[in-house]
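Visitor:
Residue numbers (the working numbering): 6 to 101.
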(Lines of atoms letter the chains of each structure in order from A and count residues from 1; the text may use other names and numbers.)
(Lines give C-alpha, C1' and ligand atoms only; values in the text may rest on other atoms or scores of the structure.)
Protein backbone atom coordinates (compact mmCIF):
# COMPACT_ATOMS: atom_id res chain seq x y z
CA UNK A 1 0.00 0.00 0.00
CA UNK A 2 1.43 3.36 -1.04
CA UNK A 3 1.45 6.31 1.35
CA UNK A 4 1.53 9.95 0.26
CA UNK A 5 2.28 12.60 2.88
CA UNK A 6 1.81 16.32 2.36
CA UNK A 7 3.84 18.16 4.99
CA UNK A 8 4.51 21.89 5.13
CA UNK A 9 8.08 23.04 5.57
CA UNK A 10 7.33 26.74 5.96
CA UNK A 11 4.93 28.87 8.01
CA UNK A 12 1.86 28.04 5.94
CA UNK A 13 0.15 29.44 2.85
CA UNK A 14 1.93 26.78 0.82
CA UNK A 15 -1.10 25.41 -0.96
CA UNK A 16 -1.31 22.14 1.00
CA UNK A 17 -5.13 22.20 1.03
CA UNK A 18 -5.28 22.51 -2.75
CA UNK A 19 -2.77 19.71 -3.22
CA UNK A 20 -4.64 17.44 -0.83
CA UNK A 21 -7.96 18.11 -2.56
CA UNK A 22 -6.34 16.94 -5.80
CA UNK A 23 -4.60 13.90 -4.26
CA UNK A 24 -7.71 12.87 -2.31
CA UNK A 25 -9.44 11.98 -5.56
CA UNK A 26 -7.44 8.73 -5.46
CA UNK A 27 -6.80 8.36 -1.72
CA UNK A 28 -8.39 5.88 0.65
CA UNK A 29 -7.83 8.15 3.66
CA UNK A 30 -6.98 11.76 4.42
CA UNK A 31 -5.85 12.42 7.99
CA UNK A 32 -5.56 15.76 9.77
CA UNK A 33 -3.05 14.62 12.37
CA UNK A 34 -2.22 17.78 14.32
CA UNK A 35 -2.86 21.50 14.66
CA UNK A 36 -6.02 23.39 15.47
CA UNK A 37 -8.55 25.82 14.09
CA UNK A 38 -6.05 28.68 14.12
CA UNK A 39 -4.64 27.32 10.87
CA UNK A 40 -6.72 26.92 7.76
CA UNK A 41 -6.67 25.73 4.21
CA UNK A 42 -8.71 26.97 1.29
CA UNK A 43 -10.09 24.47 -1.18
CA UNK A 44 -11.56 25.60 -4.50
CA UNK A 45 -13.38 22.86 -6.40
CA UNK A 46 -16.60 22.14 -8.29
CA UNK A 47 -18.57 22.44 -5.03
CA UNK A 48 -17.38 25.98 -4.29
CA UNK A 49 -14.77 27.75 -2.18
CA UNK A 50 -14.22 26.35 1.30
CA UNK A 51 -12.04 27.62 4.13
CA UNK A 52 -11.43 24.55 6.25
CA UNK A 53 -9.70 24.58 9.62
CA UNK A 54 -10.41 21.17 11.13
CA UNK A 55 -12.13 19.00 8.53
CA UNK A 56 -9.62 17.25 6.24
CA UNK A 57 -9.59 18.40 2.61
CA UNK A 58 -10.54 14.92 1.41
CA UNK A 59 -14.13 15.47 2.56
CA UNK A 60 -15.16 16.37 -0.99
CA UNK A 61 -14.48 12.84 -2.27
CA UNK A 62 -17.19 10.50 -0.98
CA UNK A 63 -14.87 7.51 -1.42
CA UNK A 64 -12.19 8.96 0.87
CA UNK A 65 -12.33 8.34 4.62
CA UNK A 66 -11.40 11.53 6.52
CA UNK A 67 -9.95 11.38 10.01
CA UNK A 68 -9.35 14.10 12.57
CA UNK A 69 -6.43 12.65 14.54
CA UNK A 70 -5.77 12.72 18.26
CA UNK A 71 -3.05 15.36 17.83
CA UNK A 72 -5.60 17.86 16.52
CA UNK A 73 -6.87 20.48 18.95
CA UNK A 74 -10.61 20.56 18.29
CA UNK A 75 -12.63 23.67 19.11
CA UNK A 76 -16.18 22.24 19.14
CA UNK A 77 -17.80 25.53 18.05
CA UNK A 78 -15.46 25.84 15.07
CA UNK A 79 -15.95 22.22 14.07
CA UNK A 80 -19.74 22.50 14.17
CA UNK A 81 -19.69 25.72 12.08
CA UNK A 82 -17.39 24.08 9.55
CA UNK A 83 -19.56 20.97 9.36
CA UNK A 84 -22.66 23.13 8.76
CA UNK A 85 -20.88 25.04 5.96
CA UNK A 86 -19.86 21.81 4.22
CA UNK A 87 -23.32 20.26 4.59
CA UNK A 88 -24.98 23.46 3.31
CA UNK A 89 -23.04 22.96 0.06
CA UNK A 90 -24.55 19.48 -0.26
CA UNK A 91 -21.44 17.58 0.85
CA UNK A 92 -22.08 14.50 2.98
CA UNK A 93 -20.16 14.12 6.23
CA UNK A 94 -20.65 10.33 6.25
CA UNK A 95 -16.97 9.88 5.39
CA UNK A 96 -15.73 12.00 8.31
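For glycine and all other residues, C-beta sits at the position ideal for the given N, C-alpha and C.
Taking just the CA atoms, how far does residue 85 sit from residue 54?
Guide: The straight-line gap from Cα to Cα measures roughly 18 Å.
Visitor: Tell me which residue opens and which closes the beta strand (DSSP E) that residue 54 is part of.
Guide: Its beta strand (DSSP E) spans residues 53 to 57.
Visitor: For residue 94, which residues from the same chain have a beta carbon less than 8 Å from its beta carbon, with the 5 sequence-adjacent residues on both sides left out?
Guide: Cβ neighbours of residue 94 beyond the five flanking positions: 52, 53, 55.
Visitor: I'd like the ranges of any alpha helix (DSSP H) spanning at least 4 consecutive residues and lying wholly in the region 11 to 74.
Guide: Complete alpha helix (DSSP H) runs here, min 4: 21 to 28.
Visitor: Cα-Cα, which of 35, 38, 75, 60 is closest to residue 47?
Guide: Comparing Cα-Cα distances from residue 47 to each of 35, 38, 75, 60, the minimum goes to 60.
Visitor: Can you tell me whether residue 13 is buried or exposed, with buried defined as 16 or more other CB within 10 angstroms of its CB?
Guide: Per the 10 Å Cβ criterion, exposed.
Visitor: Going by other Cβ atoms of all chains shown within 10 Å of its Cβ, with 16 needed for buried, is residue 11 buried or exposed?
Guide: The residue in question, residue 11, is exposed, as its Cβ has fewer than 16 Cβ neighbours within 10 Å.
Visitor: Since residue 33 and residue 69 should fall inside the 8 Å C-beta cutoff, what is the C-beta to C-beta distance between them, to a whole number of angstroms?
Guide: Residue 33 to residue 69, Cβ: 7 Å. Contact.
Visitor: For residue 39 and residue 77, what's the separation of their Cα atoms in angstroms?
Guide: Roughly 4 Å separates the two Cα atoms.
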